[in-house]
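Undergrad:
Now the structure itself:
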């Protein structure tokens, strides 16, 4: 005799509660010791689940419903995920800081501008390292972009491809915006809600414009975040704190 839906839901809830009580403390302890590794496992699982069940129907639904003014809005937002403006801004800020360092007349001024120059290098390095990693993965996986699904009904991978239409995974815009926003969270931690909101908004724009699948955005965002966190961690180990303001 089949189990009634309420009883089935209750059984699933009870089972989940028992698993949480058994494995929850162990998972929490492991996450405290190896946060990036645990996050990678969960992001990887989420990507696999999304590829199997979510990516295609979500892309088709967004393609059918996001039109007109909304599409124009997301095109403006997604421009923040382009790499070259951030590189240009970072290099300009670094050049200004170096110029002010050379002309500093007081030790305090020289120290302040040295810290700002170091912060610019930190942002640029996070962008560059995560960008190279994403570029390599794009070519290795060769995932077909949603445009193939819309036009040809094709969904899958073409490994070792350098074609724009086959380099969907991971998302470069998501990597770029989250590398910058994570770096800004390290530099100016008290403003973290602003940086998180911008990161989510730009990463979401890649979905709403249907140029990437959800799994592309998840992995691209993770790479941007993890790269900058590792750089900041290594900097602290080496005795270098790049923060320009203290958290509240």
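Numbering (my numbering), first residue to last: 24 to 271. Note that the Cβ used here is the ideal one computed from N, Cα and C, for glycine as well. A quick note: this is a predicted structure, and the numbers were derived from the prediction, not measured.
#1: Using only the alpha-carbon positions, how far apart do residue 96 and residue 227 sit?
#2: Less than 8 angstroms between C-beta atoms, sequence neighbours within five positions excluded: which residues of the same chain meet that for residue 140?
#3: For residue 180, which beta-bridge partners are listed by DSSP?
#4: Between which two residues does the alpha helix (DSSP H) holding residue 111 run?
#5: Hey, out of 239, 237, 266 and 240, whose CA is closest to residue 251's CA?
#6: Return the CA-CA distance between residue 85 and residue 233, expressed in angstroms with no decimal places.
#7: Please name the residue in 201, 160 and 191 whose C-alpha comes closest to that of residue 78.
#8: Does the segment 186-203 come close enough to the segment 239-257 to have 3 or more Cβ pairs within less than 8 angstroms?
#9: Excluding the five sequence neighbours on either side, which residues of its own chain have a C-beta within less than 7 angstroms of the C-beta of residue 143, listed in chain order?
#10: Write down the C-beta distance between residue 167 and residue 185 rounded to the nearest angstrom, noting that I regard them as a contact closer than 8 angstroms.
#11: Given this structure, state the Cα-to-Cα distance separating residue 198 from residue 154, to the nearest angstrom.
#12: Using CA coordinates, which residue listed in 100, 236, 66 and 221 is at the minimum distance from residue 188?
#13: Suppose the cutoff is 6 angstroms on Cβ atoms and the five residues either side in sequence are ignored; what does the same chain contact list for residue 255 look like?
#14: Please classify residue 193: does DSSP put it in a helix, a strand, or coil?
#15: Helix, strand or coil: which one does DSSP assign to residue 208?
#16: For residue 61 versus residue 53, is the C-beta spacing smaller than 8 angstroms?
#17: For residue 185, name the three-state secondary structure that DSSP assigns.
#18: Which whole-angstrom value describes the C-beta separation of residue 221 and residue 103, a residue pair presumed to lie in contact below a C-beta threshold of 8 angstroms?
#19: Nearest-angstrom Cα distance between residue 201 and residue 165?
#20: From this set, 148, 135 and 203, which residue's C-alpha is nearest residue 258's C-alpha?
#21: Which of the three DSSP states, helix, strand or coil, is assigned to residue 263?
TA: Result, derived from the coordinates:
#1: Within the chain shown, numbered from 1, the residue matching residue 96 stands at position 73. Within the chain shown, numbered from 1, the residue matching residue 227 stands at position 204. Between residue 96 and residue 227, the C-alpha separation is close to 12 angstroms.
#2: Your numbering for residue 140 matches position 117 in the chain shown. Counting only Cβ-Cβ distances below 8 angstroms, and skipping sequence neighbours, we find 117, 120, 121 and 124.
#3: Taking the chain shown and counting its residues from 1, the one referred to as residue 180 is at position 157. Secondary-structure assignment with DSSP links residue 180 through a beta bridge to 166.
#4: As a working note, residue 111 is residue 88 in the chain shown. 106-125 is the extent of the alpha helix (DSSP H) around residue 111.
#5: Indexing the chain shown from 1 puts residue 251 at position 228. Of the candidates 239, 237, 266 and 240, the one whose C-alpha sits nearest the C-alpha of residue 251 is 266.
#6: The residue given as residue 85 occupies position 62 in the chain shown. The residue given as residue 233 occupies position 210 in the chain shown. A straight-line Cα-Cα distance of about 7 angstroms links residue 85 and residue 233.
#7: Indexing the chain shown from 1 puts residue 78 at position 55. Comparing C-alpha distances from residue 78 to each of 201, 160 and 191 shows the shortest one belongs to 191.
#8: Touching, yes, given that three or more Cβ pairs across the two stretches are closer than 8 angstroms.
#9: To locate residue 143, count along the chain shown from 1; it is residue 120. Taken in chain order, the residues that qualify are 113, 116, 117 and 120.
#10: Here residue 167 refers to the residue found at position 144 when the chain shown is read from its first residue. Here residue 185 refers to the residue found at position 162 when the chain shown is read from its first residue. Contact flag wrong, Cβ pair sits at about 13 angstroms.
#11: Locating residue 198 in the chain shown gives position 175, where the first residue counts as 1. Locating residue 154 in the chain shown gives position 131, where the first residue counts as 1. Taking the CA atoms as reference points, residue 198 sits about 7 angstroms from residue 154.
#12: Stepping through the chain shown from its first residue, residue 188 is reached at position 165. When only C-alpha atoms are compared, the closest one is 236.
#13: The residue labelled residue 255 in the question sits at position 232 within the chain shown. If we look at residue 255 and ignore the five residues flanking it on each side, its Cβ neighbours are 209.
#14: Numbered from 1 along the chain shown, position 170 holds the residue referred to as residue 193. Residue 193 falls in the coil class under three-state DSSP.
#15: Residue 208 sits at position 185 when you count from the first residue of the chain shown. Residue state, collapsed to three classes: helix.
#16: Numbered from its first residue, the chain shown carries residue 61 at position 38. Numbered from its first residue, the chain shown carries residue 53 at position 30. Remark: C-beta atoms of residue 61 and residue 53 approach each other more closely than 8 angstroms.
#17: Position 162 of the chain shown holds residue 185. Coil at residue 185, not helix or strand.
#18: In the chain shown, the residue the question calls residue 221 occupies position 198. In the chain shown, the residue the question calls residue 103 occupies position 80. Contact flag correct, Cβ pair sits at about 7 angstroms.
#19: Taking the first residue of the chain shown as 1, we reach residue 201 at position 178. Taking the first residue of the chain shown as 1, we reach residue 165 at position 142. Taking the straight line joining both Cα atoms gives about 22 angstroms.
#20: Against the chain shown, residue 258 aligns to sequence position 235. Out of 148, 135 and 203, 148 has the C-alpha closest to the C-alpha of residue 258.
#21: In the chain shown, the residue the question calls residue 263 occupies position 240. Reduced to three states, the DSSP call for residue 263 is coil.
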